[in-house]
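Colleague: If you scroll down you'll find the structure; I have some questions about it.
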Amino acid sequence: MVSGCEAARAALADAVREPTLRRAIKEDVPDIRALVRRAYARWITVTPRPPKPINADYDRAFAAHRFDVLVDEGQLVGLIETVAEGRELLIVNVAIDPERQREGLGRRLMRHAEDLARAGGLSGTRLYTNALMTANIALYERLGYVREREVDHGGGMIAVHMVCALTP
Numbered sequence: 003m004v005s006g007c008e009a010a011r012a013a014l015a016d017a018v019r020e021p022t023l024r025r026a027i028k029e030d031v032p033d034i035r036a037l038v039r040r041a042y043a044r045w046i047t048v049t050p051r052p053p054k055p056i057n058a059d060y061d062r063a064f065a066a067h068r069f070d071v072l073v074d075e076g077q078l079v080g081l082i083e084t085v086a087e088g089r090e091l092l093i094v095n096v097a098i099d100p101e102r103q104r105e106g107l108g109r110r111l112m113r114h115a116e117d118l119a120r121a122g123g124l125s126g127t128r129l130y131t132n133a134l135m136t137a138n139i140a141l142y143e144r145l146g147y148v149r150e151r152e153v154d155h156g157g158g159m160i161a162v163h164m165v166c167a168l169t170p
């Protein structure tokens with residue numbers, strides 16, 4: 003029989019359990035696609051066109067980019083897609099399951115990307131997002147990203163390019 007203290011400790015351990023971070027495998031692609039659609043659904047009514055990640059070809063992206071995923075009890079709850087470009091690591095996509103947002107998982111993945119950049123001898127990370135995704139921009143700024151430039155793609159689609167220089 004489990005004592006009250008043991009049960010309380012087990013409940014606390016479950017409450018603070020962190021999702022597992024691992025490199026994605028090809029079999030994750032359908033779950034990646036589904037997670038991205040859930041994560042970006044809230045932006046469909048904000049931006050003039052669906053955000054690029056919603057319609058991306060994830061079979062092709064998986065072959066060309068690195069995907070790292072957060073998994074909790076067998077469920078994909080977050081991902082980050084990266085690719086080296088010159089001296090920086092481009093964060094192509096970061097997505098968190100809407101039910102798991104505000105738990106620090108996005109921050110964890112962004113820091114993971116910075117660790118990957120450092121390990122690869124790169125000078126920083128970069129990303130871009132739609133100017134209308136103000137909550138994302140605010141988060142990136144809190145994480146130390148600075149606006150580099152804005153690019154107008156027409157039709158209300160303005161990309162905000164942001165960079166984070168890494169200290170050696």
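Per the working numbering: the sequence shown ends with 170, consecutive numbering throughout.
Backbone N, C-alpha and C define an ideal beta-carbon position, used for all residues, glycine too.
(1) Whose C-beta lies closer than 6 Å to the C-beta of Leu78 among residues of the same chain, with five residues either side of it excluded?
(2) On the premise that Met164 lies in contact with Arg171, defined as a C-beta separation below 8 Å, what is that separation, rounded to the nearest angstrom?
(3) Can you look up Arg109 in the DSSP assignment and give me helix, strand or coil?
(4) For Val31 versus Leu134, is the C-beta distance shorter than 7 Å?
(5) Does the distance from the C-beta atom of Phe69 to that of Ala26 stay below 7 Å?
(6) Got a sec? Which residues, its chain only, sit under 6 Å from Asn132 by beta carbon, not counting five neighbours each side?
(7) Leaving out the 5 sequence neighbours to the left and right, which residues in its chain are closer than 7 Å to Val148 when beta-carbon positions are compared?
(8) Under a Cβ-count criterion, where at least 16 other Cβ atoms within 10 Å of its own Cβ denotes burial, should Gly1 be classed as buried or exposed?
(9) When the Cα atoms are used, what is the spatial distance from Val174 to Ile56?
(10) Use the C-beta contact count for Pro53: other C-beta atoms within 10 angstroms, 16 or more gives buried, fewer gives exposed.
(11) Please tell me whether Ile139 and Leu111 are closer than 7 Å, where the distance is taken between their beta carbons.
Modeller: Taking the geometry as given:
(1) Numbered from its first residue, the sequence shown carries residue 78 at position 76. Cβ within range, chain order: Asp33, Leu37, Val71.
(2) Because the chain is modelled from 3 through 170, residue 171 falls outside the range shown and cannot be assessed.
(3) As a position in the sequence shown, residue 109 is number 107, starting the count at 1. Three-state DSSP puts Arg109 in a helix.
(4) Stepping through the sequence shown from its first residue, residue 31 is reached at position 29. Stepping through the sequence shown from its first residue, residue 134 is reached at position 132. Cβ atoms of Val31 and Leu134: not closer than 7 Å.
(5) Looking up residue 69 in the sequence shown gives position 67. Looking up residue 26 in the sequence shown gives position 24. A contact, by the Cβ cut-off of 7 Å.
(6) Here the question's residue 132 lines up with position 130 in the sequence shown. In chain order, Thr49 place their CB closer than 6 Å to the CB of Asn132, counting only its own chain and leaving out the 5 sequence neighbours on each side.
(7) Taking the first residue of the sequence shown as position 1, residue 148 is located at position 146. Only Met164, Val165 meet the Cβ criterion.
(8) The chain is shown from 3 up to 170; residue 1 falls before or after that span and cannot be answered.
(9) Because residue 174 is not part of the residues shown, which for the chain are 3 to 170, the question remains open.
(10) Along the sequence shown, read from residue 1 onward, the residue named residue 53 stands at position 51. So Pro53 ends up on the buried side.
(11) Looking up residue 139 in the sequence shown gives position 137. Looking up residue 111 in the sequence shown gives position 109. No, the pair does not count as a contact, with Cβ atoms beyond the cut-off.
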